[in-house]
Ligand SMILES: [Zn+2]
C-alpha cells in the first residue's frame with residue numbers, strides 16, 4: 281500500500297514538473313492575471329546566467345476576443361518554448377500580434393517561437409529598433425547572452441520584428457488599442473512605452489527596472505531615463521494615471537510612486553553624485569564611496585556591486601558632454 285502511494289505521488293511530481301516552467305532553485309514561473317484581460321509572467325530579477333537560462337524579462341499577454349497579443353516574448357529559443365507553453369495555458373486562442381519594447385535580445389529573441397507557430401503574425405517595434413537589430417544589435421546581444429547563459433541554441437536565424445511603428449502611433453488589434461511613445465534616448469535609443477487603453481495599463485519596458493540592475497549601454501542616457509520616469513510620474517506629455525504599471529524587469533504595481541520611485545531615486549542619487557564630482561574636479565570613482573553610502577536601500581538589488589560604479593561613470597560622462 282505504502283509503495284503504491286509513493287509511486288502515485290512520484291508520478292504526480294513528475295507530471296507536474298513536465299507542465300510547469302521551472303528554473304532550478306529559482307522556482308516556477310507562470311502568467312498571473314494582473315489587470316482585466318492582461319497577464320504578466322514576472323521573470324527572475326537577475327542578470328542573465330546559466331541558472332536563469334537567459335530568462336529575466338516580463339513577458340505579457342493581452343487577451344482579445346479572438347486571440348492573444350504578446351509583449352516581449354522572452355530572451356531565447358529554448359526559454360521561448362516554455363513561455364509559449366505557459367501562454368497556451370491562458371488560452372488556446374491564436375497569437376495575433378507581438379510587440380517588442382526595445383532592441384535588447386532578452387526581450388525579443390523568442391519572437392522566433394511565435395513566428396514558427398504563427399508564420400503570419402505581425403511583430404511590431406519602433407522602425408529604428410528594427411534597423412538597429414538588423415544592423416548589429418541582435419549580434420551584440422546574442423554574444424552577451426550566449427557568453428552568460430550558454431543557452432542560445434536554436435535562437436538563430438533571428439526573427440526580427442516585421443512592422444515598424446513610430447512615436448505616438450496607435451495600433452488597434454482585434455478591438456484592443458495600443459498607444460506608442462518613444463523618446464530619442466532613455467534606456468536605449470529604440471524604446472517604446474506601450475499604453476493599453478482597454479485595461480488602462482502602461483508597459484514601461486526597461487526605462488523602469490526594479491530589484492535588479494543592468495547596463496546603460498552606449499545608446500542610453502541616465503539623464504533622459506530620469507526625464508521619462510518623471511513624465512510618467514507627473515502625468516505629463518499625454519501620460520495619465522494608469523490602473524497598472526508594468527516594468528521591463530521586476531514586479532508590476534498599481535501605485536505610481538511605489539513603482540516609479542525606487543529606480544527614479546536611484547538614478548537621481550547617481551546623477552547628483554556625478555554632478556558633485558564634476559563640479560569639484562573629482563573623478564567619478566572618488567565620489568563612489570559617498571554615493572554608495574546614500575544608496576543603502578539598493579545594496580541588495582541584483583548586480584549592484586558590478587553596475588553602480590559604471591552608472592556613476594556614465595552619468596559623469598553625460599554631464600561632461602553637456603558642459604562641453
Ligand atoms: Zn533592456
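Numbering (my numbering), first residue to last: 281 to 604. Think of the CB as a built atom: it goes at the ideal place given N, C-alpha and C, for glycine as much as any other residue.
Taking a cut-off of 8 Å for Cβ pairs, the stretch 400 to 416 and the stretch 435 to 444 touch, as three or more such pairs fall below it. Proximity to ligand 1 was defined by a C-beta distance below 7 Å to any of its heavy atoms, and the residues meeting it, in sequence along the chain, are 382, 384, 386, 387, 467, 468, 486, 494 and 528. Pairing residue 579 with residue 572, the inter-Cα distance amounts to about 8 Å. Comparing alpha-carbon positions, the option among 517, 592 and 393 lying closest to residue 368 turns out to be 393.
Counting only the Cα atoms, residue 409 lies some 11 Å from residue 464.
Taking the Cα of residue 492 as reference, the smallest distance to any Cα among 584, 319, 323 and 390 is reached at 584.
Nearest in C-alpha terms to residue 529, of all of 314, 323 and 543, is 323. Between residue 470 and residue 405, the C-beta gap is smaller than 9 Å, which places the two residues in contact. Rounded to the nearest angstrom, the gap between the Cα atoms of residue 522 and residue 561 is 43 Å. When 603, 325 and 542 are compared, the shortest CA-CA separation from residue 303 is found for 325. By the Cβ-count criterion, residue 345 is exposed, with fewer than 16 other Cβ atoms from all chains shown falling within 10 Å of its own Cβ. Residue 487 and residue 508 have their alpha carbons spaced roughly 8 Å apart. Residue 403 holds the alpha-carbon nearest to the alpha-carbon of residue 453 among 427, 360, 403 and 569. Inter-residue distance for residue 354 and residue 339 is about 6 Å (C-alpha atoms, whole angstroms). The Cβ atoms of residue 357 and residue 423 lie no closer than 9 Å to each other. Cβ neighbours of residue 537 within its own chain (closer than 8 Å, five residues either side excluded): 513.
Less than 9 Å divides the Cβ of residue 553 from the Cβ of residue 595.
Annotated three-state conformation of residue 323 is coil, per DSSP. Residue pairing by DSSP places residue 352 in no beta bridge whatsoever.
With a cutoff of 9 Å on beta-carbon distance, residue 381 and residue 474 are scored as near each other. Within the stretch 529 to 599, there are no complete beta strand (DSSP E) runs of at least 3 residues.
Residues 596, 599, 600 and 603 of the same chain have their beta carbon placed closer than 8 Å to that of residue 558, with the five preceding and five following residues left out of the count. Looking at 383, 352 and 305, the one whose alpha-carbon comes closest to that of residue 377 is 352. Taking 9 Å as the cut-off, the beta carbon of residue 478 is found closer than this to the beta carbon of residue 456.
Taken in chain order, the complete alpha helix (DSSP H) segments of 4 residues or longer contained in the stretch 343 to 417 are 357 to 370, 385 to 388, 391 to 397 and 407 to 412.
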